[in-house]
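Engineer: Read top to bottom, the protein sequences are chains A and B. Using the numbering used here, the first residue of the first sequence is number 1, and each one after it goes up by one. Using the numbering used here, the first residue of the second sequence is number 112, and each one after it goes up by one. One structure, pasted below without further comment.
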Amino acid sequence: KQEVTQIPAALSVPEGENLVLNCSFTDSAIYNLQWFRQDPGKGLTSLLLIQSSQREQTSGRLNASLDKSSGRSTLYIAASQPGDSATYLCAVNQAGTALIFGKGTTLSVSS
Amino acid sequence: KAGVTQTPRYLIKTRGQQVTLSCSPISGHRSVSWYQQTPGQGLQFLFEYFSETQRNKGNFPGRFSGRQFSNSRSEMNVSTLELGDSALYLCASSLARAGSSGANVLTFGAGSRLTVL
Numbered sequence: 001k002q003e004v005t006q007i008p009a010a011l012s013v014p015e016g017e018n019l020v021l022n023c024s025f026t027d028s029a030i031y032n033l034q035w036f037r038q039d040p041g042k043g044l045t046s047l048l049l050i051q052s053s054q055r056e057q058t059s060g061r062l063n064a065s066l067d068k069s070s071g072r073s074t075l076y077i078a079a080s081q082p083g084d085s086a087t088y089l090c091a092v093n094q095a096g097t098a099l100i101f102g103k104g105t106t107l108s109v110s111s
Numbered sequence: 112k113a114g115v116t117q118t119p120r121y122l123i124k125t126r127g128q129q130v131t132l133s134c135s136p137i138s139g140h141r142s143v144s145w146y147q148q149t150p151g152q153g154l155q156f157l158f159e160y161f162s163e164t165q166r167n168k169g170n171f172p173g174r175f176s177g178r179q180f181s182n183s184r185s186e187m188n189v190s191t192l193e194l195g196d197s198a199l200y201l202c203a204s205s206l207a208r209a210g211s212s213g214a215n216v217l218t219f220g221a222g223s224r225l226t227v228l
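Structural data, given as structure tokens:
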């Protein structure tokens with residue numbers, strides 16, 4: 001059974017710092033992995049989707065990497081800003097099942 | 112284009128009542144998935160509908176049910192509400208079924224916040 005883990009559960013950094021969020025999964029037979037952002041009390045916003053054949057995807061200050069064989073993905077945020085404060089969730093997509101989510105990392109960026 | 116619309120956004124019910132939540136997907140999307148989100152359990156999958164048929168179901172009791180209409184709009188119903196049903200209920204739509212290969216991006220609605228007293 002696929003399990004998705006995100007460590008740490010919470011992270012506080014000063015503005016301007018570069019940071020890395022981690023996501024690990026137990027079953028490497030995935031089609032793709034998605035990173036989402038969730039603001040308090042709101043729905044999820046898709047940030048990046050990495051196909052299993054890809055190693056990286058970039059969007060602005062965000063860079064997501066995928067190492068399928070080791071069951072790990074990272075989300076790199078460059079030059080963090082207070083507006084980046086949110087909960088970040090990763091989710092894996094595999095055959096015949098719904099997306100399986102980690103519990104998220106809550107990021108707080110202070111000015 | 113319009114996003115995923117969920118109604119109502121907030122509602123308060125008492126134990127034993129029932130509730131119906133609605134989800135209108137992005138135009139052209141045929142898959143609608145429902146999730147329950149609580150602080151302790153995170154996001155848990157309820158069910159997925161594609162072309163009016165339930166394709167996948169999570170590990171929830173039979174009090175949780177859903178359906179999808181010919182225009183792809185979906186509803187979920189919870190009967191005999193319990194305190195533990197208090198949660199944010201999220202729906203997501205996509206072009207293809209969940210669990211299919213390819214870049215099948217799920218787009219989420221803002222959610223329906225249910226409080227059971």
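Virtual Cβ for every residue (Gly too), placed ideally from N, Cα, C.
#1: Taking a contact to mean a Cβ-Cβ separation below 8 angstroms, would you say ILE7 of chain A touches LYS68 of chain A in this structure?
#2: Give the residues from the stretch 158-182 of chain B that approach chain D closer than 8 angstroms (Cβ to any Cβ), ordered along the chain.
#3: Answer with yes or no whether the minimum CB distance from ASN63 of chain A to chain B is below 8 angstroms.
#4: Inspect the beta-carbon positions of ARG208 of chain B and SER142 of chain B and report whether they are closer than 8 angstroms.
#5: Identify whether PRO14 of chain A lies in helix, strand or coil by the three-state DSSP scheme.
#6: Tell me the residue span of the beta strand (DSSP E) that contains ALA64 of chain A.
#7: DSSP puts THR125 of chain B in a beta bridge; with which residues?
#8: Under a three-way DSSP split, which group does LEU157 of chain B fall into?
#9: Residues bridged to VAL20 of chain A by DSSP?
#10: Between the Cα of SER110 of chain A and the Cα atoms of A:ASN22, A:SER80, A:ALA10 and A:THR45, which residue gives the shortest distance?
#11: For LEU47 of chain A, I'd like the list of residues in its chain whose CB is within less than 7 angstroms of its CB, leaving aside the five on either flank, ordered along the chain.
#12: In its own chain, which residues sit with a C-beta less than 7 angstroms from the C-beta of SER162 of chain B, not counting the 5 before and 5 after it?
#13: So with Cβ pairs under 8 angstroms, would you call GLN25 of chain A a contact of chain B?
#14: Starting from GLN94 of chain A, trace the beta strand (DSSP E) in both directions and tell me its first and last residue.
#15: Using a Cβ cut-off of 8 angstroms (strictly closer), state whether ALA207 of chain B contacts chain A.
#16: Where DSSP assigns a beta bridge to LEU107 of chain A, which residues make up the other side?
#17: When the Cα of TYR180 of chain B is compared with those of B:VAL189, B:GLU159 and B:VAL216, which residue comes out closest?
#18: What does GLN42 of chain A reach in chain B if we use C-beta pairs closer than 8 angstroms?
#19: Does GLN57 of chain A get closer than 8 angstroms to chain B when you measure Cβ to Cβ?
Structural biologist: Let's see:
#1: no
#2: No chain D appears in the structure shown, which is made up of the protein chains A and B.
#3: no
#4: yes
#5: strand
#6: 62-67
#7: According to DSSP, THR125 of chain B bridges with nothing at all.
#8: strand
#9: A:TYR76
#10: A:SER80
#11: TRP35, PHE36, ARG37, SER59 and LEU62
#12: ARG141
#13: Per the sequence shown, residue 25 of chain A should be read as Phe rather than Gln. PHE25 of chain A does not count as touching chain B.
#14: Here GLN94 of chain A belongs to no beta strand (DSSP E), and DSSP marks it neither H nor E.
#15: no
#16: A:LEU11 and A:ALA86
#17: The displayed chain sequence assigns Phe, not Tyr, to residue 180 of chain B. Out of B:VAL189, B:GLU159 and B:VAL216, B:GLU159 has the C-alpha closest to the C-alpha of PHE180 of chain B.
#18: Note that residue 42 of chain A is Lys in the sequence shown, not Gln. Residues of chain B passing the Cβ test: ALA221 and GLY222.
#19: no
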